[in-house]
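Protein chains in written order, with our numbering: chain A, 5 to 101; chain B, 5 to 101; chain C, 19 to 148; chain D, 19 to 148; chain E, 11 to 132; chain F, 11 to 132. Every residue, glycine too, gets a C-beta built ideally from N, C-alpha and C. Model, not experiment: these values are computed from the prediction.
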Amino acid sequence: MTLHTINKTPTESSALNNCLASLSDGDALLLIENGVYAAMPGYAELFTRLPASIQCYLLGEDSSARGLNDLNPDFRSIDYDGFVELSCRYNKVVSWF
Amino acid sequence: MTLHTINKTPTESSALNNCLASLSDGDALLLIENGVYAAMPGYAELFTRLPASIQCYLLGEDSSARGLNDLNPDFRSIDYDGFVELSCRYNKVVSWF
Amino acid sequence: MIFSIVVTGAPYSSQAADSALRYCKSLLKLEHQIHRIFFYADGVHNASELAVPPQDETNIPSEWAQLAEQHKLDIVVCIAAAVRRGVLDENEAGRYEKSSHNLTLPFVLSGLGQLVEAGIVSDRVVTFGA
Amino acid sequence: MIFSIVVTGAPYSSQAADSALRYCKSLLKLEHQIHRIFFYADGVHNASELAVPPQDETNIPSEWAQLAEQHKLDIVVCIAAAVRRGVLDENEAGRYEKSSHNLTLPFVLSGLGQLVEAGIVSDRVVTFGA
Amino acid sequence: MSDTKKSFLIINRKAPYGCSAARDALDVALTISVFEQPLSLLFMDDAVLQLLPAQNPAGIGQKNLSANLAMLEMYDIDQLHVCSEALQQRGLRAEDIELNINLLDRSGIATLIKQHDQVLSF
Amino acid sequence: MSDTKKSFLIINRKAPYGCSAARDALDVALTISVFEQPLSLLFMDDAVLQLLPAQNPAGIGQKNLSANLAMLEMYDIDQLHVCSEALQQRGLRAEDIELNINLLDRSGIATLIKQHDQVLSF
């Protein structure tokens, strides 16, 4: 099982798009840097077809930095320690940028 | 009237998209660098709604570099001297990247 | 016609620097006037004296320097963008107590006012973005 | 667990360098082992000794250097990517007859083999991309 | 400096913090205002995200951009144009933005570009 | 160097020449092959444009990437996987590519990622 990090907005690059097309059951998504904008409610439909087995996270430092308060409830906010813990829990980390 | 240059592929950034949304009658488009991929026949539908008053160009050095032979016939190939001439003929140059 | 050019991409990392160089050569060939070439954001790395590209590739910093000397061009690097990215002239190296500097001559470090002034006096400003 | 980190973004130009630094601090706090931090592509600018960020901003090259000294970390810069972008150690400066060098210590220049070896011996490789 | 005036348009297209574009554009805007040239700012695509209130980038070691944008009016930079489509695509409303902005549709953006002498992109 | 083997997957997503990603990935691929580790390359999104024949970048001062890709087989790098959707979106057919490639759909890509120990992205 893989942890996928995405650090770009849904429009500035195809990173999120490519990532969503490459998931296996049981993988996890972690939005970091500009990637956190994808957790705005306005982008919720991007994630409606995700299998329930995919856990979704975002880096709280990055969403606070960007003034994002009202977030898609499917995403759990974690800090850098949480990022490290996820990196251990999953077998590998794939970065989409 | 404005010369718009685009230097990114249709998927690597929203440059082309943003440019197409910002054109005035009589403007011109010039694809440079990775922008020339937009003149592949596979992307022709991006340009079907362009007003006839919009002239479309691409930089030949960049399309040759990338191995693009079979190109959208709506685009005229120019060289750097042609780029300079267009920059003079239009009132200003707007770069989308 | 009077042109000014803005470059915001570093050599090798993006194609912007190479494109700008070719465009400037065409401008000079067609006898236009280049008021200024302004290097901003990652474009400041165009002025690095220490860049050593492989021998079969263009040495972009030295091409800019040659072009500028040959045609008396004003090639200006944004000082704030350069200092934070590690491109320093002798003066700035002294100010920040660094033992070396790496700005190729005749590039000069100066403020963003040079970009705005270029926009005011030029008929065209053409940006090569990263 | 054994980690290696890859950084491909320059400080200030992209957030990747700052994110990688924070991630590494968490790794050390949680007592994981960092086998190597490898700087590739524009990431080589993380090693610039001449970068002078404004006083109220993080000095990323010096933060890397401090972290490496404190924890005996192996911080390696891809030599090919660095030389073409103007990041030189004393050795390379001599080889290319440059009068100065700008690699912060204890960063070292080395080949891509150091990236591959890191991938072989590490449980996780985490890339911070530009 | 001559008495000539040129009108400048700065087109912002990038989100803040991920790259330096937003700050680079702001620095250019302030400099143009020092030169007392007519200036408009356009926020389109991801750049509308620069306008969100309550940004707090201390946790990522960067300076607060929204605080700087709020100061633009003090420098007589009051022509802030915002692409309404870009807001809508991100589920944002004009009321979410705590700055004095002017909403533009596509044809409004085309006209804005047409009306200025020099256009700088970020 | 230990006898341990790790399988590597290099994911390519960028078009050639506009930035250094394609060349950076190629250099890493060649190095992995020197270390004799199992290696696969995946070309998705714009990276399928790296595979076009007849590239001639002399006019932009760069080296020919397609010539280098054609040499990969000599280094026993023969696992070239290509996203079929990416080809299709650009109006390309597998026959347009003069390399020995393996087409993958979405689930094939997911499986490929799953099968490798370390994944490096460009």
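Per-residue contacts from residue i into chain D (C-beta, under 9 Å)
i     : result
E/S30 : Y30, S31, S32
Partners in chain A for residue i, counting only beta-carbon separations shorter than 8 Å
i     : result
B/T15 : S18
Within chain C, the residues that residue i reaches when beta carbons sit closer than 9 Å
i      : result
E/T1   : Residue 1 of chain E cannot be examined here, being either before or after the span of chain E that is shown, 11 to 132.
D/Y114 : L68, V70
Near the ligand ATP: residue i beta-carbon under 6 Å from a heavy atom
i     : result
A/T13 : In the structure on display, the ligand ATP does not appear, and there are no ligands present to speak of.
Cutoff 6 Å; reference residue i; Cβ partners in own chain excluding five residues on either side
i      : result
D/F146 : V25, A34, S37, A38
A/R80  : Y61
B/T13  : N38, Y41
A/L33  : H8, C60
D/D92  : R54
C/A152 : Here chain C has residues from 19 to 148 only, and residue 152 of chain C is not among them.
E/L36  : N78
E/H191 : Residue 191 of chain E is absent from the structure shown; chain E starts at 11 and stops at 132.
Through-space distance from residue j to residue i, alpha-carbon basis
i      : j      : result
B/P77  : C/C42  : 28 Å
D/I55  : D/D141 : 14 Å
D/A65  : D/P124 : 9 Å
A/L50  : A/A19  : 13 Å
F/L130 : B/D83  : 37 Å
A/F87  : D/Q73  : 29 Å
F/G118 : A/K96  : 18 Å
D/G112 : E/N78  : 45 Å
E/P67  : F/F45  : 42 Å
B/L63  : F/A57  : 21 Å
D/L130 : C/H119 : 28 Å
D/L133 : C/V101 : 30 Å
F/F53  : F/L90  : 8 Å
D/V70  : C/L106 : 9 Å
C/A136 : E/L122 : 21 Å
F/L51  : F/L82  : 11 Å
D/Q84  : D/F21  : 19 Å
E/A96  : B/S17  : 15 Å
F/A104 : F/V92  : 9 Å
A/M44  : D/W82  : 33 Å
F/R100 : D/Q88  : 50 Å
E/D34  : E/P26  : 10 Å
Closer than 7 Å at the beta carbon, the chain E residues around residue i
i     : result
D/D36 : I70, G71
Bridge partners - residue i, DSSP secondary structure assignment
i      : result
B/T13  : For B/T13, which the question treats as bridged, DSSP gives no partner whatsoever.
A/N96  : Sequence check: residue 96 of chain A is Lys here, not Asn. DSSP output for A/K96 lists A/T6 as bridge partner(s).
A/F101 : A/F101 is not bridged to any residue.
A/A32  : A/L7, A/Q59
F/Q128 : F/F18
C/F125 : Answer is none; C/F125 lacks a bridge partner.
E/N112 : E/H91
D/I93  : D/I55
B/I82  : B/L63
D/I23  : D/I55, D/V144
F/A29  : According to the sequence shown, residue 29 of chain F is Cys rather than Ala. According to DSSP, F/C29 bridges with C/S32.
F/F53  : F/N22, F/V92
Interface residues of chain E facing residue i [CB-CB closer than 8 Å]
i      : result
B/N122 : Any property of residue 122 of chain B remains undetermined from this structure, which presents chain B solely from 5 to 101.
C/G27  : Those within 8 Å of C/G27 in chain E number zero; the least Cβ separation is about 12 Å.
B/S28  : A120, T121, I123, K124
Chain C contact residues for residue i, given Cβ-Cβ distances below 7 Å
i     : result
B/I36 : S37
Cut-off 7 Å between Cβ atoms - residues of its own chain near residue i, not counting five sequence neighbours on either side
i      : result
D/S128 : V94, I97
E/K24  : A31, A32, D56, A57, F132
E/K15  : Q47, P48
Partner residues on chain F for residue i, Cβ-Cβ distance less than 7 Å
i      : result
D/T145 : L130, S131
Beta-carbon neighbours of residue i, restricted to chain B and to distances below 8 Å
i     : result
E/I20 : Within 8 Å Cβ-Cβ: nothing; E/I20 doesn't reach chain B, min ~11 Å.
Residues near residue i in its chain [Cβ-Cβ closer than 8 Å; skip 5 each side]
i      : result
C/F138 : The amino acid occupying residue 138 of chain C in the given sequence is Ile; Phe does not appear at that position. Once the five neighbours on either side are set aside, C/I138 has no close Cβ partner at all.
D/Y114 : V101, L106
C/S80  : T122
B/L90  : L7, A32, L34, Y61, I82
Within chain A, partners of residue i - CB distance below 7 Å
i     : result
E/Q89 : Here the premise fails: no neighbours, minimum Cβ distance about 23 Å.
Where residue i meets chain C, residues with beta-carbon distance less than 8 Å
i      : result
D/N120 : L68, G104, S118, N120
Amino acids of chain A, ordered along the chain, whose beta-carbon sits closer than 9 Å to that of residue i
i     : result
E/S76 : G71
Practice problem: Can you give me, in chain order, the residues of the segment 22 to 52 of chain E that have a beta carbon less than 9 Å from any beta carbon in chain H? | Solution: The structure shown has no chain H; the protein chains it does contain are A, B, C, D, E and F.
Quiz prompt | Proximal residues, the segment 63 to 90 of chain B versus chain F, C-beta separation under 7 Å | solution = Hits within the stretch, in order: E65, D66, S68, A69, R70, G71, N73.
Quiz prompt | Interface residues of the segment 74 to 92 of chain C facing chain F [CB-CB below 8 Å] | solution = D74, E75, T76
Exercise. Scan the segment 101 to 121 of chain F for residues whose Cβ lies nearer than 8 Å to a Cβ of chain A and list them as they occur along the chain.
Key: R116, I119, A120, T121
Practice problem: Pull out every residue of the segment 38 to 61 of chain C whose Cβ sits closer than 8 Å to any Cβ of chain D, in chain order. | Solution: A59, D60
Quiz item: Taking a cut of 9 Å between CB atoms, which residues from the segment 39 to 53 of chain B lie near chain F?
Solution: Closer than 9 Å at the C-beta level to chain F, one finds these residues of the segment 39 to 53 of chain B: G39, Y41, M44, P45, G46, Y47, A48.
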